[in-house]
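As structure tokens, the structure follows; a few thoughts come after it.
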Amino acid sequence: MLGYAILFFVIALIAAVFGFGGIAGAATGIAQILFVVFLVLFILSLIFGRRRP
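Here you go:
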């Protein structure tokens with residue numbers, strides 16, 4: 000999921016260079032959402048992954 004966030008960030012940078020503001024904004028928003036989801040899942044896996052019977 001972090002890879003997708005980085006991919007959308009790169010797409011946003013390329014779109015911004017070529018002047019596609021709407022596409023760059025949308026790709027940046029998607030990248031931010033994916034990054035937050037990645038962080039939440041990562042923290043949850045750290046918390047719940049250490050519990051062993």
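Quick note on numbering: numbering that gives the first Met the number 0 labels position 10 of the sequence shown as 9, and the sequence is numbered without any gaps.
Note that beta-carbon positions come from the ideal geometry of N, C-alpha and C, so glycine has one too.
What you are looking at is a predicted structure, and each value in this text was computed from that prediction instead of being measured.
Is residue 17 buried or exposed, if buried means 16 or more other CB atoms sit within 10 Å of its CB? In the sequence shown, residue 17 corresponds to position 18, counting from 1. Exposed, because fewer than 16 other Cβ atoms sit within 10 Å of the Cβ of residue 17.
Report the three-state DSSP secondary structure of residue 17 (helix, strand or coil). Taking the first residue of the sequence shown as 1, we reach residue 17 at position 18. In this structure, residue 17 counts as coil in the three-state DSSP scheme.
Among the residues of its own chain, which have a CB less than 7 Å from the CB of residue 3, if the five just before and after it don't count? Taking the sequence shown and counting its residues from 1, the one referred to as residue 3 is at position 4. 33.
For residue 7, is the classification buried or exposed, using 16 other Cβ atoms within 10 angstroms of its Cβ as the cut-off for buried? Counting from 1 along the sequence shown, the entry for residue 7 is found at position 8. Buried: at least 16 other Cβ atoms inside 10 Å.
With C-beta atoms as the reference, is residue 30 less than 9 Å away from residue 5? The count along the sequence shown starts at 1 and reaches residue 30 at position 31. The count along the sequence shown starts at 1 and reaches residue 5 at position 6. Their beta carbons are under 9 Å apart, which means residue 30 touches residue 5 by this criterion.
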